[in-house]
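Structure first, commentary second.
Numbering (the working numbering), first residue to last: 446 to 786.
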(Lines of atoms letter the chains of each structure in order from A and count residues from 1; the text may use other names and numbers.)
(Lines give C-alpha, C1' and ligand atoms only; values in the text may rest on other atoms or scores of the structure.)
Protein backbone atom coordinates (compact mmCIF):
# COMPACT_ATOMS: atom_id res chain seq x y z
CA UNK A 1 0.00 0.00 0.00
CA UNK A 2 2.93 2.32 0.57
CA UNK A 3 4.41 2.00 -2.91
CA UNK A 4 4.29 4.85 -5.41
CA UNK A 5 3.22 3.82 -8.92
CA UNK A 6 6.81 3.52 -10.14
CA UNK A 7 7.63 1.51 -7.03
CA UNK A 8 4.91 -0.96 -7.97
CA UNK A 9 6.21 -1.07 -11.55
CA UNK A 10 9.71 -1.82 -10.26
CA UNK A 11 8.40 -4.49 -7.87
CA UNK A 12 6.67 -6.26 -10.75
CA UNK A 13 9.75 -5.94 -12.99
CA UNK A 14 11.95 -7.29 -10.19
CA UNK A 15 9.73 -10.35 -9.85
CA UNK A 16 9.90 -10.90 -13.60
CA UNK A 17 13.70 -10.50 -13.66
CA UNK A 18 14.17 -13.00 -10.83
CA UNK A 19 11.98 -15.49 -12.67
CA UNK A 20 13.68 -14.88 -16.01
CA UNK A 21 17.11 -15.42 -14.42
CA UNK A 22 15.86 -18.55 -12.59
CA UNK A 23 17.11 -17.30 -9.22
CA UNK A 24 15.96 -18.88 -5.97
CA UNK A 25 15.45 -17.05 -2.66
CA UNK A 26 18.95 -17.82 -1.39
CA UNK A 27 20.49 -16.43 -4.58
CA UNK A 28 18.52 -13.21 -4.18
CA UNK A 29 19.04 -12.74 -0.44
CA UNK A 30 22.73 -13.14 0.47
CA UNK A 31 25.70 -10.90 1.22
CA UNK A 32 27.15 -11.14 -2.31
CA UNK A 33 23.97 -10.01 -4.07
CA UNK A 34 23.13 -6.31 -4.08
CA UNK A 35 20.92 -3.79 -5.81
CA UNK A 36 21.35 -0.32 -7.29
CA UNK A 37 18.27 1.63 -8.24
CA UNK A 38 17.49 4.73 -10.27
CA UNK A 39 14.52 7.03 -9.85
CA UNK A 40 13.54 10.66 -9.84
CA UNK A 41 10.96 10.06 -7.13
CA UNK A 42 7.26 10.79 -7.40
CA UNK A 43 6.21 14.43 -7.51
CA UNK A 44 2.58 13.28 -7.49
CA UNK A 45 3.07 11.45 -4.20
CA UNK A 46 4.91 14.45 -2.72
CA UNK A 47 2.10 16.77 -3.82
CA UNK A 48 -0.55 14.41 -2.45
CA UNK A 49 1.20 14.12 0.91
CA UNK A 50 1.60 17.89 1.23
CA UNK A 51 -2.09 18.41 0.42
CA UNK A 52 -3.08 15.84 3.03
CA UNK A 53 -0.86 17.54 5.63
CA UNK A 54 -2.34 20.96 4.89
CA UNK A 55 -5.92 19.74 5.00
CA UNK A 56 -5.76 17.31 7.95
CA UNK A 57 -2.70 18.40 9.91
CA UNK A 58 0.82 17.01 10.33
CA UNK A 59 -0.22 14.06 12.52
CA UNK A 60 -2.39 12.73 9.70
CA UNK A 61 0.53 12.47 7.28
CA UNK A 62 0.94 9.01 5.81
CA UNK A 63 3.58 7.03 7.74
CA UNK A 64 4.97 5.84 4.40
CA UNK A 65 4.67 9.24 2.72
CA UNK A 66 8.38 10.03 2.74
CA UNK A 67 9.73 6.59 1.80
CA UNK A 68 7.20 6.24 -1.03
CA UNK A 69 7.90 9.55 -2.71
CA UNK A 70 11.53 10.67 -2.52
CA UNK A 71 14.08 9.58 -5.10
CA UNK A 72 15.48 6.71 -3.01
CA UNK A 73 12.12 4.97 -2.73
CA UNK A 74 12.99 2.11 -5.08
CA UNK A 75 16.06 1.25 -3.04
CA UNK A 76 14.24 1.42 0.31
CA UNK A 77 11.35 -0.75 -0.78
CA UNK A 78 13.05 -3.33 -2.99
CA UNK A 79 15.79 -3.97 -0.42
CA UNK A 80 13.14 -4.59 2.25
CA UNK A 81 10.72 -6.59 0.11
CA UNK A 82 13.32 -8.89 -1.46
CA UNK A 83 15.55 -9.07 1.65
CA UNK A 84 18.65 -7.82 -0.16
CA UNK A 85 21.75 -8.23 2.06
CA UNK A 86 24.50 -6.99 -0.26
CA UNK A 87 25.38 -3.51 -1.53
CA UNK A 88 22.51 -1.10 -2.11
CA UNK A 89 22.10 2.51 -3.15
CA UNK A 90 19.78 4.77 -5.09
CA UNK A 91 20.97 6.99 -7.95
CA UNK A 92 19.31 10.23 -8.97
CA UNK A 93 21.22 11.98 -11.76
CA UNK A 94 18.22 12.75 -13.95
CA UNK A 95 18.32 10.98 -17.31
CA UNK A 96 21.72 9.42 -16.56
CA UNK A 97 20.51 7.81 -13.30
CA UNK A 98 20.17 4.20 -14.39
CA UNK A 99 23.32 4.51 -16.49
CA UNK A 100 25.23 5.36 -13.33
CA UNK A 101 23.50 2.48 -11.52
CA UNK A 102 24.57 0.04 -14.24
CA UNK A 103 28.11 1.38 -14.31
CA UNK A 104 28.68 1.18 -10.58
CA UNK A 105 27.07 -2.28 -10.48
CA UNK A 106 29.57 -3.32 -13.15
CA UNK A 107 32.40 -1.95 -10.98
CA UNK A 108 31.23 -3.85 -7.90
CA UNK A 109 31.28 -7.11 -9.82
CA UNK A 110 34.54 -6.40 -11.67
CA UNK A 111 36.27 -5.53 -8.39
CA UNK A 112 34.98 -8.68 -6.70
CA UNK A 113 32.80 -6.84 -4.20
CA UNK A 114 29.63 -8.62 -5.32
CA UNK A 115 28.81 -11.71 -7.37
CA UNK A 116 25.44 -10.45 -8.53
CA UNK A 117 23.78 -7.06 -8.80
CA UNK A 118 20.22 -6.09 -9.61
CA UNK A 119 19.80 -2.76 -11.36
CA UNK A 120 16.24 -1.48 -11.06
CA UNK A 121 14.91 1.73 -12.57
CA UNK A 122 11.41 3.16 -12.45
CA UNK A 123 9.67 6.34 -13.47
CA UNK A 124 6.25 7.57 -12.38
CA UNK A 125 5.01 9.71 -15.26
CA UNK A 126 2.09 11.94 -14.35
CA UNK A 127 0.82 15.49 -14.78
CA UNK A 128 2.92 16.88 -11.94
CA UNK A 129 6.15 15.30 -13.15
CA UNK A 130 5.82 15.96 -16.87
CA UNK A 131 4.08 19.29 -17.38
CA UNK A 132 6.81 21.38 -15.66
CA UNK A 133 9.10 20.48 -18.57
CA UNK A 134 7.02 22.89 -20.64
CA UNK A 135 8.78 25.71 -18.81
CA UNK A 136 12.03 24.47 -20.37
CA UNK A 137 10.40 24.17 -23.79
CA UNK A 138 11.58 20.54 -23.75
CA UNK A 139 8.34 18.68 -24.54
CA UNK A 140 7.17 17.82 -28.02
CA UNK A 141 4.58 20.20 -29.47
CA UNK A 142 3.47 17.73 -32.13
CA UNK A 143 -0.16 16.58 -31.82
CA UNK A 144 0.25 13.58 -34.12
CA UNK A 145 1.40 10.62 -31.95
CA UNK A 146 3.18 9.16 -34.97
CA UNK A 147 5.36 12.25 -35.23
CA UNK A 148 5.63 13.42 -31.62
CA UNK A 149 8.92 11.65 -30.84
CA UNK A 150 11.23 11.88 -33.84
CA UNK A 151 14.92 11.95 -32.84
CA UNK A 152 17.30 13.14 -35.59
CA UNK A 153 14.43 14.49 -37.70
CA UNK A 154 14.78 18.03 -39.00
CA UNK A 155 11.42 19.02 -37.47
CA UNK A 156 11.98 17.53 -33.99
CA UNK A 157 10.91 19.90 -31.23
CA UNK A 158 10.89 18.02 -27.94
CA UNK A 159 10.53 14.70 -26.17
CA UNK A 160 7.59 12.53 -25.14
CA UNK A 161 7.74 11.19 -21.57
CA UNK A 162 7.49 7.51 -20.71
CA UNK A 163 6.90 5.69 -17.45
CA UNK A 164 7.40 2.15 -16.24
CA UNK A 165 10.28 0.09 -14.90
CA UNK A 166 13.15 -2.12 -16.00
CA UNK A 167 15.29 -4.50 -13.94
CA UNK A 168 18.52 -6.06 -15.17
CA UNK A 169 20.48 -8.85 -13.46
CA UNK A 170 24.27 -8.57 -13.67
CA UNK A 171 26.44 -11.54 -12.68
CA UNK A 172 30.16 -12.28 -12.58
CA UNK A 173 31.59 -14.72 -15.11
CA UNK A 174 32.22 -17.22 -12.30
CA UNK A 175 28.61 -16.99 -11.16
CA UNK A 176 27.34 -17.46 -14.71
CA UNK A 177 29.54 -20.56 -15.06
CA UNK A 178 28.45 -21.93 -11.67
CA UNK A 179 24.76 -21.60 -12.48
CA UNK A 180 25.09 -22.56 -16.13
CA UNK A 181 23.02 -19.53 -17.08
CA UNK A 182 22.81 -18.01 -20.56
CA UNK A 183 23.29 -14.22 -20.55
CA UNK A 184 21.45 -11.93 -22.93
CA UNK A 185 24.61 -9.83 -23.32
CA UNK A 186 27.90 -8.94 -21.66
CA UNK A 187 28.26 -5.50 -20.09
CA UNK A 188 31.89 -5.07 -21.13
CA UNK A 189 32.72 -1.63 -19.71
CA UNK A 190 31.54 1.89 -19.12
CA UNK A 191 32.58 5.49 -18.77
CA UNK A 192 31.19 8.67 -17.26
CA UNK A 193 32.15 12.33 -17.51
CA UNK A 194 30.59 15.75 -16.95
CA UNK A 195 30.12 18.71 -19.28
CA UNK A 196 30.81 21.39 -16.68
CA UNK A 197 28.71 23.67 -18.86
CA UNK A 198 25.06 24.28 -17.93
CA UNK A 199 22.52 23.13 -15.38
CA UNK A 200 20.11 21.86 -18.05
CA UNK A 201 21.53 22.14 -21.58
CA UNK A 202 24.10 19.78 -23.09
CA UNK A 203 27.49 21.14 -24.09
CA UNK A 204 27.18 22.19 -27.78
CA UNK A 205 30.11 19.98 -28.79
CA UNK A 206 29.14 17.13 -26.46
CA UNK A 207 32.32 17.59 -24.43
CA UNK A 208 31.39 15.31 -21.52
CA UNK A 209 29.88 12.63 -23.73
CA UNK A 210 33.05 12.51 -25.84
CA UNK A 211 35.06 11.74 -22.72
CA UNK A 212 32.49 9.23 -21.44
CA UNK A 213 32.62 7.28 -24.71
CA UNK A 214 36.42 7.30 -24.74
CA UNK A 215 36.53 6.01 -21.16
CA UNK A 216 33.96 3.32 -21.99
CA UNK A 217 36.07 2.09 -24.91
CA UNK A 218 39.14 1.94 -22.67
CA UNK A 219 37.19 0.11 -19.95
CA UNK A 220 35.83 -2.45 -22.43
CA UNK A 221 39.13 -2.70 -24.36
CA UNK A 222 37.50 -1.85 -27.69
CA UNK A 223 38.14 0.70 -30.43
CA UNK A 224 35.56 2.87 -32.20
CA UNK A 225 35.62 0.66 -35.29
CA UNK A 226 34.67 -2.35 -33.12
CA UNK A 227 31.28 -0.76 -32.41
CA UNK A 228 28.60 -1.84 -34.89
CA UNK A 229 25.55 -0.27 -33.19
CA UNK A 230 24.94 2.85 -31.12
CA UNK A 231 21.76 3.21 -29.09
CA UNK A 232 21.79 6.99 -28.90
CA UNK A 233 20.45 9.03 -26.01
CA UNK A 234 18.75 11.28 -28.59
CA UNK A 235 15.49 12.40 -27.00
CA UNK A 236 14.12 14.41 -29.95
CA UNK A 237 15.23 17.82 -28.66
CA UNK A 238 16.96 20.23 -31.03
CA UNK A 239 20.02 20.96 -28.89
CA UNK A 240 20.44 17.56 -27.23
CA UNK A 241 20.35 15.47 -30.41
CA UNK A 242 22.77 17.81 -32.18
CA UNK A 243 25.17 17.75 -29.24
CA UNK A 244 25.26 13.96 -29.20
CA UNK A 245 25.71 13.84 -32.97
CA UNK A 246 28.78 16.08 -32.73
CA UNK A 247 30.19 13.95 -29.91
CA UNK A 248 29.82 10.78 -31.99
CA UNK A 249 31.41 12.47 -34.99
CA UNK A 250 34.34 13.57 -32.81
CA UNK A 251 34.95 10.17 -31.19
CA UNK A 252 34.47 7.99 -34.25
CA UNK A 253 36.32 10.23 -36.70
CA UNK A 254 36.76 8.48 -40.04
CA UNK A 255 34.78 5.51 -38.70
CA UNK A 256 31.71 7.69 -38.01
CA UNK A 257 29.75 6.15 -40.88
CA UNK A 258 30.33 2.55 -39.77
CA UNK A 259 28.17 1.94 -36.69
CA UNK A 260 24.43 1.81 -37.19
CA UNK A 261 22.74 4.42 -35.02
CA UNK A 262 19.19 4.71 -33.75
CA UNK A 263 17.20 6.16 -30.89
CA UNK A 264 14.63 3.74 -29.54
CA UNK A 265 12.99 6.70 -27.77
CA UNK A 266 11.15 7.28 -31.04
CA UNK A 267 9.05 4.25 -30.02
CA UNK A 268 9.30 4.12 -26.24
CA UNK A 269 9.40 7.82 -25.42
CA UNK A 270 11.92 9.23 -22.95
CA UNK A 271 12.02 7.28 -19.70
CA UNK A 272 14.07 9.95 -17.87
CA UNK A 273 15.80 8.14 -14.96
CA UNK A 274 14.58 4.85 -16.43
CA UNK A 275 16.03 5.47 -19.90
CA UNK A 276 19.48 3.90 -19.63
CA UNK A 277 18.27 0.68 -17.99
CA UNK A 278 15.41 0.36 -20.46
CA UNK A 279 17.76 0.89 -23.40
CA UNK A 280 20.35 -1.45 -21.92
CA UNK A 281 17.60 -4.06 -21.84
CA UNK A 282 16.70 -3.29 -25.46
CA UNK A 283 20.32 -3.64 -26.59
CA UNK A 284 20.66 -6.91 -24.67
CA UNK A 285 17.42 -8.25 -26.16
CA UNK A 286 18.58 -7.21 -29.64
CA UNK A 287 21.74 -9.27 -29.18
CA UNK A 288 19.80 -12.30 -27.99
CA UNK A 289 16.99 -12.15 -30.53
CA UNK A 290 19.07 -11.01 -33.52
CA UNK A 291 17.88 -7.56 -34.55
CA UNK A 292 19.12 -3.98 -34.70
CA UNK A 293 16.36 -1.50 -33.81
CA UNK A 294 15.68 1.30 -36.25
CA UNK A 295 14.99 4.97 -35.48
CA UNK A 296 11.33 5.51 -36.26
CA UNK A 297 9.43 8.63 -37.38
CA UNK A 298 12.22 10.23 -39.42
CA UNK A 299 10.69 11.97 -42.42
CA UNK A 300 13.62 14.28 -43.19
CA UNK A 301 16.98 13.68 -41.56
CA UNK A 302 18.53 16.83 -40.08
CA UNK A 303 21.58 17.67 -42.25
CA UNK A 304 23.77 17.95 -39.11
CA UNK A 305 23.63 14.14 -38.91
CA UNK A 306 24.29 13.61 -42.61
CA UNK A 307 27.52 11.63 -42.27
CA UNK A 308 26.21 9.33 -39.53
CA UNK A 309 24.71 5.93 -40.34
CA UNK A 310 21.28 6.50 -38.80
CA UNK A 311 19.01 3.60 -39.68
CA UNK A 312 15.28 4.19 -39.96
CA UNK A 313 14.09 0.59 -40.15
CA UNK A 314 14.78 -2.34 -37.85
CA UNK A 315 17.25 -4.78 -39.39
CA UNK A 316 17.25 -8.49 -38.63
CA UNK A 317 20.92 -8.72 -37.73
CA UNK A 318 22.36 -8.88 -34.24
CA UNK A 319 24.82 -6.27 -32.97
CA UNK A 320 28.13 -7.81 -31.91
CA UNK A 321 29.43 -4.82 -29.97
CA UNK A 322 27.12 -1.95 -29.04
CA UNK A 323 27.37 1.41 -27.33
CA UNK A 324 24.51 2.93 -25.33
CA UNK A 325 24.65 6.61 -24.35
CA UNK A 326 22.79 8.54 -21.67
CA UNK A 327 22.96 12.18 -20.63
CA UNK A 328 21.28 14.04 -17.78
CA UNK A 329 20.84 17.49 -16.30
CA UNK A 330 23.99 19.21 -15.14
CA UNK A 331 25.96 17.63 -17.96
CA UNK A 332 26.07 14.08 -16.55
CA UNK A 333 27.07 11.61 -19.27
CA UNK A 334 27.29 7.82 -19.23
CA UNK A 335 28.39 5.46 -22.01
CA UNK A 336 27.96 1.68 -21.73
CA UNK A 337 29.55 -0.96 -23.97
CA UNK A 338 27.73 -4.26 -24.54
CA UNK A 339 29.11 -7.33 -26.30
CA UNK A 340 27.31 -10.35 -27.65
CA UNK A 341 28.25 -13.30 -25.39
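Using N, Cα and C, we set each Cβ at its ideal position, and we do this for glycine too.
- residue 658 and residue 692: beta carbons closer than 8 Å? Counting from 1 along the chain shown, the entry for residue 658 is found at position 213. Counting from 1 along the chain shown, the entry for residue 692 is found at position 247. For residue 658 and residue 692, yes; Cβs fall inside 8 Å.
- Item | Distance, residue 449 Cα to residue 495 Cα | The residue labelled residue 495 in the question sits at position 50 within the chain shown. The residue labelled residue 449 in the question sits at position 4 within the chain shown. Taking the straight line joining both Cα atoms gives about 15 Å.
- Sort 710, 749, 564 by Cα distance to residue 680 and report the nearest one. On the chain shown, residue 680 is found 235 positions in, with the first residue counted as 1. For the residues 710, 749, 564, the minimum Cα distance to residue 680 belongs to 710.
- Query: Based on Cα-Cα distance, which residue from 487, 773, 782, 472 lies nearest to residue 796?
  - Reply: An answer regarding residue 796 cannot be provided, because it is not within the stretch 446 to 786 covered by the chain.
- Counted within 10 angstroms of its Cβ, other Cβ atoms place residue 761 as buried (16 or more) or exposed: Taking the first residue of the chain shown as 1, we reach residue 761 at position 316. Flag for residue 761 reads exposed.
- Message: For the pair the segment 539-551 and the segment 474-487, tell me if three or more CB-CB distances fall below 8 Å.
- Response: yes
- Within the segment 643-705, ranges of the alpha helix (DSSP H) (whole runs, at least 4 residues): 652-665, 683-697
- Query: For residue 502, does the count of other Cβ atoms within 10 angstroms reach 16, so buried, or fall short, so exposed?
  - Reply: Numbered from its first residue, the chain shown carries residue 502 at position 57. Under this definition residue 502 is an exposed residue.
- Item | Pair within 8 Å by beta-carbon distance, residue 530 and residue 467 | Looking up residue 530 in the chain shown gives position 85. Looking up residue 467 in the chain shown gives position 22. Not a contact, by the Cβ cut-off of 8 Å.
- Item | For residue 563, three-class secondary structure by DSSP | As a first step, residue 563 is located in the chain shown; it is residue number 118 there, counting from the start. It is a strand residue.
- Query: Is the beta carbon of residue 547 sitting closer than 8 Å to the one on residue 459?
  - Reply: Indexing the chain shown from 1 puts residue 547 at position 102. Indexing the chain shown from 1 puts residue 459 at position 14. No. Outside cutoff.
- Message: Less than 8 Å between the beta carbons of residue 601 and residue 686, yes or no?
- Response: Within the chain shown, numbered from 1, the residue matching residue 601 stands at position 156. Within the chain shown, numbered from 1, the residue matching residue 686 stands at position 241. Their beta carbons are under 8 Å apart, which means residue 601 touches residue 686 by this criterion.
- How would you call residue 665, buried or exposed, if buried means at least 16 neighbouring beta carbons within 10 angstroms? Counting from 1 along the chain shown, the entry for residue 665 is found at position 220. With 16 or more other Cβ atoms inside 10 Å of its own Cβ, residue 665 counts as buried.
- Query: Between residue 513 and residue 608, is the Cβ-Cβ spacing less than 8 Å?
  - Reply: Within the chain shown, residue 513 is the residue found at index 68, counting from 1. Within the chain shown, residue 608 is the residue found at index 163, counting from 1. Not in contact: residue 513 and residue 608 (Cβ atoms no closer than 8 Å).
- Query: What do you get for residue 663, buried or exposed, if any count of 16 or more other CB atoms within 10 angstroms of its CB means buried?
  - Reply: Working through the chain shown from its first residue, we reach residue 663 at position 218. Exposed is the call here.
- Message: Excluding the 5 residues flanking residue 592 on each side, which residues of the same chain have their C-beta closer than 7 Å to its C-beta?
- Response: The residue you call residue 592 lines up with position 147 of the chain shown. Taken in chain order, the residues that qualify are 742.
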